[in-house]
Amino acid sequence: MLTKLNVMGVSVGTKIKKISSTSPNWPMVFEAKGVQVAIGKGIAQKIFVKI
Amino acid sequence: MKKILLVGNPNVGKSVLFSRLTGVNVVASNYPGTTIEFTEGVMSGKKEKIKLIDTPGTYSLSPTCSAEKVATEMIQKGDLIINVLDATHLERNLLLTLQLLEQKKPMIVVLNIWDEAKHKGIKINVKKLEKLLGVPVITIIALTGEGLKKLVSSFEKAKTPCTKQISTEKKWCKIGKIIGDVQVVTHRHHTLKEKFRDLTIKPLFGITFAILILFLVFLAIKFVGENLIEYFFEPLFENLWSPIILKLSVFLNGEGFLHNILIGELVGNKIAYVESLGLLTTGLFVPIAMVLPYVFAFYVFLSLLEDVGYLPRLSVLMDNIMHRVGLHGCSIIPMFLGLGCNVPGALASRILESKREKFIAMTLMAIAIPCMAQTAMIIGLIGATGAFGIGFVFGTLFLVWIVLGIILNKSIKGESPELFMEIPPYRIPHLRTLFKKVYVRIKSFIGEALLYVLLGILFINILYSLGIIQFVGKITAPIITGILGLPEEAVGSLIIGFLRKDVAIGMLLPLGLTVNQLIVASVVLAMYFPCIATFIVMLKELGMKDMLKSAGIMVFSAFFVGGVLNLLLNTFF
Numbered sequence: 014m015l016t017k018l019n020v021m022g023v024s025v026g027t028k029i030k031k032i033s034s035t036s037p038n039w040p041m042v043f044e045a046k047g048v049q050v051a052i053g054k055g056i057a058q059k060i061f062v063k064i
Numbered sequence: 053m054k055k056i057l058l059v060g061n062p063n064v065g066k067s068v069l070f071s072r073l074t075g076v077n078v079v080a081s082n083y084p085g086t087t088i089e090f091t092e093g094v095m096s097g098k099k100e101k102i103k104l105i106d107t108p109g110t111y112s113l114s115p116t117c118s119a120e121k122v123a124t125e126m127i128q129k130g131d132l133i134i135n136v137l138d139a140t141h142l143e144r145n146l147l148l149t150l151q152l153l154e155q156k157k158p159m160i161v162v163l164n165i166w167d168e169a170k171h172k173g174i175k176i177n178v179k180k181l182e183k184l185l186g187v188p189v190i191t192i193i194a195l196t197g198e199g200l201k202k203l204v205s206s207f208e209k210a211k212t213p214c215t216k217q218i219s220t221e222k223k224w225c226k227i228g229k230i231i232g233d234v235q236v237v238t239h240r241h242h243t244l245k246e247k248f249r250d251l252t253i254k255p256l257f258g259i260t261f262a263i264l265i266l267f268l269v270f271l272a273i274k275f276v277g278e279n280l281i282e283y284f285f286e287p288l289f290e291n292l293w294s295p296i297i298l299k300l301s302v303f304l305n306g307e308g309f310l311h312n313i314l315i316g317e318l319v320g321n322k323i324a325y326v327e328s329l330g331l332l333t334t335g336l337f338v339p340i341a342m343v344l345p346y347v348f349a350f351y352v353f354l355s356l357l358e359d360v361g362y363l364p365r366l367s368v369l370m371d372n373i374m375h376r377v378g379l380h381g382c383s384i385i386p387m388f389l390g391l392g393c394n395v396p397g398a399l400a401s402r403i404l405e406s407k408r409e410k411f412i413a414m415t416l417m418a419i420a421i422p423c424m425a426q427t428a429m430i431i432g433l434i435g436a437t438g439a440f441g442i443g444f445v446f447g448t449l450f451l452v453w454i455v456l457g458i459i460l461n462k463s464i465k466g467e468s469p470e471l472f473m474e475i476p477p478y479r480i481p482h483l484r485t486l487f488k489k490v491y492v493r494i495k496s497f498i499g500e501a502l503l504y505v506l507l508g509i510l511f512i513n514i515l516y517s518l519g520i521i522q523f524v525g526k527i528t529a530p531i532i533t534g535i536l537g538l539p540e541e542a543v544g545s546l547i548i549g550f551l552r553k554d555v556a557i558g559m560l561l562p563l564g565l566t567v568n569q570l571i572v573a574s575v576v577l578a579m580y581f582p583c584i585a586t587f588i589v590m591l592k593e594l595g596m597k598d599m600l601k602s603a604g605i606m607v608f609s610a611f612f613v614g615g616v617l618n619l620l621l622n623t624f625f
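One line per chain: the protein sequences are A and B, in this order.
So the first sequence is numbered by my numbering: it starts at 14 and just counts up by one.
So the second sequence is numbered by my numbering: it starts at 53 and just counts up by one.
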């Protein structure tokens, strides 16, 4: 997952904009460098320290 | 022949460009992962013929799924690489470009979707980019064909870059510098389309909107399909085809082996197109007049949803449910394609990462996702008895999909990977591309359906005349009659269902079944085994061992569900 995010230009320190993530187990949708990406909530909680 | 490869990130317009340059019609959509296998086509260069190869989209040269693996393996085989980039997302696309430059192959960089970049206020200094990358950079709009002449004439100017290999981290630093040098983005506020894009992915509004959209699509398919049959195809067969067939029937003396094969049995000196089981009657009427109208309507609306960019949003909204059956949101795409035809559905499961996911997705699709040909026949056959029967059949299949999915998820070792999907922007569909895609799909349906329907009808006629159907009917009577409550003759449908499910359902009509029997037979026919075309694809994708496992699950669950349905329907209705 981290490699996938990396190849899309999302790495430690990249600024992202949260689009949707309201209920538990719901995928998180964020915008980074003009691209919207959906990732599973479980992995999102592990990756993003500050949301 | 010189080989040119089209390589780029997913959903940047490679397939549209390929189709434009070669004239080969390929399916292109507004979501990542449409191309899962490479496609070859030939185009004319200035001096010679050139082989153009469209590869699946990949974010980097380190593949993460089987489709990306195809792309990375192809790179060594090309004489020239055309790296297609989305001009609206230059920064993200440049990582693959820098990796490709390290391959030391002649290369051209193409900035596609140039019009949208301008609309978004993105200005790219092409000359500067060309200098920084060391290869020619061409701007195009693949959908309209703008810039393609310049692209073709620049093939000879392609340069072999001399770039040193650097780490991914350093590549991102380099990309940052390039972007700073060549790109200027004018600040602007969110447009209405962008606000709507964000809204349709939020749970509350998104799910309500999805239900509304899917319901409207269902109504539209039904409306278009029914009207095409009633006002075009039925009159066409009745007024133009029937007189020819009746003359042929008289010529063949109205009976005999050849008459049975070609025309089948006449009912009251009239042609019963569904019941007669002749090659020129049922063999043509079922695929063309009963199934094609619904297939056409389905593909028009599916293509519309694909090109607008709605399917990836549906994937996000369905992710939670899909995890319960051991899959993730992206699996909704193969399932959706399977509603049209299980073959592209099974092929599309290549976008799924693990073997476990592919097994669950294909098994669930083969069991509980009826193709449009089958759906059309179920609507035509059971619809005449009211909405109850249709609701019961599809309700049962949906329940089976959920319950079996949960069982498979719990019983197969491993976990379902997390969703990871790029969501494309909403785009207004390009009508020419949309109808080209519908044409490709319809052509493939007609080619495949007609052949298997005719083969199936010929096969069943031979089996009947040799008495094999009657013999098998007697042997299998304890299951067919005892458990499923169907007459012995229904075994003919189950045999032919392996070739074509739509003909198999049509074969139930002359048996004079009750509504309960029709429901049981339709559900069992949908579930017990995939048609031969889907079977071949599944065998190729899953391998013999997993295919046998999947087939075992299909047969057991079909007869179990059929038996339970028979019991329930005869007790309560």
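For every residue, glycine included, the Cβ atom is placed at its ideal position computed from N, Cα and C.
- Chain B places a beta carbon closer than 8 Å to that of Gln49(A), counting this residue as a contact.
- Counting only residues of its own chain and dropping the five nearest sequence neighbours on each side, Cys393(B) has a CB closer than 6 Å to the CB of Cys423.
- Residues of the same chain with a CB within less than 8 Å of the CB of Met387(B), apart from the 5 flanking positions on each side, are Gly397, Ala413, Leu416, Met417, Ile421 in chain order.
- Secondary structure at Asn312(B): helix, using DSSP grouped into helix, strand and coil.
- Below the 8 Å Cβ cutoff, chain A contributes no neighbours of Leu551(B), its closest Cβ being approximately 40 Å away.
- Counted as a single uninterrupted DSSP element, the stretch harbouring Leu329(B) is not any alpha helix (DSSP H), since DSSP gives it neither H nor E.
- Residue state for Met95(B) is assigned as strand, using DSSP reduced to three classes.
- Comparing alpha carbon positions, the residue from Thr212(B), Gly316(B), Ser67(B), Ser112(B) closest to Leu298(B) is Gly316(B).
- The distance from the Cβ of Val76(B) to that of Thr86(B) is about 15 Å, inconsistent with a contact at the 8 Å cut-off.
- If you look at Asp131(B), you'll find it isn't in any beta strand (DSSP E); DSSP assigns it neither H nor E.
- Among the residues facing chain A, Leu147(B) is included, as its CB has a counterpart in that chain under 8 Å away.
- In the three-state reduction of the DSSP assignment, Ala45(A) falls in the strand class.
- Taking 8 Å as the cut-off, the beta carbon of Gly614(B) is found no closer than this to the beta carbon of Val567(B).
- With the rule of 3 Cβ pairs closer than 8 Å, the region 284-302 of chain B does not count as touching the region 346-364 of chain B.
- About 6 Å separates the beta carbons of Ala400(B) and Ile88(B), which is inside the 8 Å limit, making them a contact pair.
- Three or more beta-carbon pairs separated by less than 8 Å are not found between the region 263-271 of chain B and the region 329-343 of chain B, which leaves the two stretches without contact.
- Check the Cα spacing between Tyr111(B) and each of Asn135(B), Tyr580(B), Val162(B), Asn164(B): the tightest is with Asn135(B).
- A Cβ of chain B is located within less than 8 Å of the beta carbon of Lys46(A).
- By the Cβ test, the region 43-59 of chain A is not in contact with the region 117-126 of chain B, since fewer than three Cβ pairs between them sit closer than 8 Å.
- Counting only Cβ-Cβ distances below 7 Å, Gly26(A) has no contacts in chain B at all, with the closest Cβ about 11 Å away.
- In the three-state DSSP reduction, Thr149(B) falls in the helix class (H, G or I).
- When DSSP states are grouped into helix, strand and coil, Lys597(B) belongs to the helix group.
- With fewer than 16 neighbouring CB atoms inside 10 Å of its own CB, Met596(B) falls in the exposed class.
- Not one beta carbon of chain A lies nearer than 8 Å to the beta carbon of Glu120(B).
- Chain B has a Cβ within less than 8 Å of the Cβ of Ile32(A).
- Cβ atoms of Gly558(B) and Val326(B) come within 8 Å of each other, at about 5 Å.
- Shortest Cα-Cα distance from Cys225(B) to any of Thr27(A), Lys17(A), Ile32(A) involves Thr27(A).
- Tyr351(B) is a Cβ neighbour of Arg493(B), given a cutoff of 8 Å.
- Note on Ser67(B): 16 or more other CB atoms within 10 angstroms of its CB, so buried under the neighbour-count rule.
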